[in-house]
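Notes for the one structure printed next.
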Ligand code: MN
């Protein structure tokens, strides 16, 4: 591709004239660096960075990010390029290219590859979110062209894309990108299902579309009467992967999926959103429990919209999504929209300028520091990430009305530790919607949670079984002074040495061994202290099934009469 052809494409995405000279130089450098390289498909390598940079331009990213797209593989190819970039293009571009290169390098190393890259990636997020956006576009283009790779490699990349990159796109609110990554991964990982779902949708879509057009005409008339002027009304087809997931949930019953095609009403302002919602609900009966106000309570990734499903006929359900143009742009490109439409015109580095909406990123950063202090391994970090950041979330409220975002299954203690470790450590009771509830109560979206504290209150080992978040667990462990020395998450079983401190009375050993016997855990070795000595622990070596079992053993041992302290190390 020549510069002229490339420039034409940039103009299509409204890249400013003033940035063209800068981009032309980056384009020429990229051409030079990748001159003789080929991709596995036989194409010139340069087609890849060009495609990535155009995806970034389409997202309306700034010139430095688009240039970084052009040069993202350049340093990998010739390391001295980074110096050239710094000298000729400045600090910012070299910082971005370096960030992407660092993430890539980790890919090339041994067994911990995916794991380490996750970690690095998130550290990169902390430094500059644009590095992550570049990586997402890089992965998207690789997935689009993955067909020419050997099957095994293809599947590995697809799996990583599905579990990791799609989750990240989701967390950044980049729905569109997430949908593309998921569908492409599905195509290579589950080809039969992919074909089935896409064929079914093809069969079903035309009739549905025709029906929605009819609904749309009715709606337009009523909106006009209510003096609401929509900017746009369109359809949104559910992407294949999410249709498949929903179909699985409904045991293959297509008729139960009401949002395969949703109607989207885009209006000029928030007032019109609620106005349009009123019109929809006046025309058709809403389906109970399907209305969601993500304008008042945005999703943690910042997504805002009103969702509702209505019966347009006795047994026909249609889903509506109502939002402003600004919300729409953000829904399409998520965090990237903040670069594109920032009022100042020039985006600042990092996420801090993004305000409260992307709070979770700074949360993640704090929390990573916390875990590092405790020597947590990368496996544990990844596991914690998955649990706390990539599963379903719930939204609960503080008495003041602040929205707190927690993983599904969280309890009042998770909430307490999320607010502050002191509140967690001294929690004595919890009020949910004004009523006293036990600590084992599973929080639900919309709950107002108030934690009652008492100065003399302390955490107990039982709390470990009540909390869901890794943060709360680690804080409780800290308070109880239980320090796991090593990760327990790898699949091979680990030897654990449990040290029991206490008075070695008659029957003491028997009480201890019966804890293991009840759970059918074989004791491999038991070193008993001299009777009467409290300083030398009784040491029991065993192979517990997993962390939960180990925690249960510790909990039981602590309850034995005369036991003062229980600690363990993993070998
Ligand atoms: Mn690349």
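Residue numbers (our numbering): 3 to 573.
Quick reminder that beta carbons are idealized off the backbone N, C-alpha and C, glycines included.
In this text, all values refer to a predicted model and were calculated from it rather than measured experimentally.
Nearest-angstrom Cα distance between residue i and residue j?
i, j, result
"residue 244", "residue 268", "23 Å"
"residue 185", "residue 145", "10 Å"
"residue 37", "residue 82", "16 Å"
"residue 558", "residue 312", "53 Å"
"residue 357", "residue 304", "Low per-residue confidence applies at residue 357: pLDDT is 43, beneath 50, and the placement is therefore not dependable enough to give any value."
"residue 419", "residue 473", "7 Å"
"residue 421", "residue 177", "29 Å"
"residue 44", "residue 22", "30 Å"
"residue 321", "residue 309", "7 Å"
"residue 14", "residue 5", "14 Å"
"residue 9", "residue 334", "25 Å"
"residue 511", "residue 528", "9 Å"
"residue 296", "residue 272", "12 Å"
"residue 236", "residue 325", "12 Å"
"residue 228", "residue 435", "37 Å"
"residue 264", "residue 294", "14 Å"
"residue 248", "residue 218", "25 Å"
"residue 399", "residue 279", "25 Å"
"residue 548", "residue 570", "13 Å"
"residue 69", "residue 80", "17 Å"
"residue 591", "residue 546", "Since the first residue of the chain shown is 3 and the last is 573, residue 591 is not available in this structure."
"residue 62", "residue 94", "18 Å"
"residue 530", "residue 174", "54 Å"
"residue 567", "residue 503", "5 Å"
"residue 240", "residue 203", "10 Å"
"residue 300", "residue 86", "44 Å"
"residue 481", "residue 171", "35 Å"
"residue 439", "residue 542", "38 Å"
"residue 506", "residue 432", "39 Å"
"residue 449", "residue 291", "16 Å"
"residue 461", "residue 410", "22 Å"
Closest to residue i by C-alpha separation, out of the options, would be which residue?
i, options, result
"residue 540", "555, 25, 518 and 514", "514"
"residue 458", "59, 429 and 35", "429"
"residue 34", "21, 46 and 42", "46"
"residue 402", "221, 451 and 432", "451"
"residue 276", "298, 67, 256 and 261", "298"
"residue 161", "190, 181, 150 and 174", "190"
"residue 48", "20, 131, 143 and 14", "143"
"residue 246", "237, 258 and 235", "258"
"residue 156", "193, 59 and 223", "193"
"residue 289", "278, 316, 270 and 300", "316"
"residue 423", "543, 41, 437 and 471", "471"
"residue 76", "396, 211, 507 and 102", "102"
"residue 57", "465, 12 and 201", "12"
"residue 522", "504, 508, 552 and 501", "552"
"residue 465", "554, 222 and 437", "554"
"residue 141", "152, 433, 154 and 180", "180"
"residue 132", "59, 565 and 196", "59"
"residue 565", "537, 86 and 406", "537"
"residue 274", "501, 233 and 440", "233"
"residue 544", "90, 550, 560 and 526", "526"
"residue 314", "501, 500, 216 and 25", "216"
Return the Cβ separation of residue i and residue j in integer angstroms, given the expectation that the two are a contact with Cβ distance under 8 Å.
i, j, result
"residue 266", "residue 323", "5 Å"
"residue 71", "residue 96", "Their Cβ separation, rounded to whole angstroms, is 14 Å, which puts residue 71 and residue 96 out of contact at 8 Å."
"residue 168", "residue 187", "7 Å"
"residue 230", "residue 281", "7 Å"
"residue 242", "residue 199", "5 Å"
"residue 408", "residue 496", "About 30 Å separates the two Cβ atoms, so there is no contact after all."
"residue 64", "residue 84", "Incorrect: roughly 20 Å between the Cβ atoms, too far for contact."
"residue 67", "residue 98", "7 Å"
"residue 165", "residue 183", "Actually they are not in contact, since the Cβ atoms of residue 165 and residue 183 sit about 11 Å apart, beyond 8 Å."
"residue 556", "residue 463", "7 Å"
"residue 214", "residue 42", "Between residue 42 and residue 214 the Cβ distance is about 43 Å, and since that is not below 8 Å, they are no contact."
"residue 270", "residue 327", "7 Å"
Contact between the stretch 444-454 and the stretch 400-414 (3+ Cβ pairs under 8 Å): Touching, per the Cβ criterion.
Stretch-stretch touch, CB-based, cutoff 8 Å, three pairs: the stretch 25-32 with the stretch 137-144: The stretch 25-32, when compared against the stretch 137-144, does not touch it at the 8 Å Cβ threshold.
Whole beta strand (DSSP E) elements within the stretch 199-260, 3-residue minimum: Taking 3 residues as the minimum length, the beta strand (DSSP E) runs contained wholly in the stretch 199-260 are 234-239, in order along the chain.
Touch test, the stretch 242-258 against the stretch 279-293, Cβ-Cβ under 8 Å, three pairs minimum: When Cβ pairs closer than 8 Å are counted between the two stretches, the stretch 242-258 is seen not to touch the stretch 279-293, the count staying below three.
contact_flag[the stretch 420-436, the stretch 449-467] where n(CB pairs < 8 Å) is 3 or more: Judged by pairs of C-beta atoms under 8 Å, the stretch 420-436 touches the stretch 449-467, as three or more such pairs exist.
At least three beta-carbon pairs within less than 8 Å, the stretch 516-527 to the stretch 468-483: The stretch 516-527, when compared against the stretch 468-483, does not touch it at the 8 Å Cβ threshold.
Secondary structure, alpha helix (DSSP H): runs of 4+ residues fully inside the stretch 136-186: Listed in chain order, the alpha helix (DSSP H) runs fully inside the stretch 136-186 are 153-162 and 168-173, counting runs of at least 4 residues.
Residues near the ligand SAM, criterion Cβ-heavy atom distance below 7 Å: The ligand SAM is not part of the structure shown, which contains the ligand MN as its ligands.
Beta strand (DSSP E) runs contained entirely in the stretch 422-478, provided each spans 3 or more residues: If we require 3 residues or more, the beta strand (DSSP E) runs fully inside the stretch 422-478 come out as 429-434, 437-439 and 451-455.
Within the stretch 488-529, ranges of the beta strand (DSSP E) (whole runs, at least 3 residues): The stretch 488-529 contains these whole beta strand (DSSP E) runs: 498-504 and 525-529.
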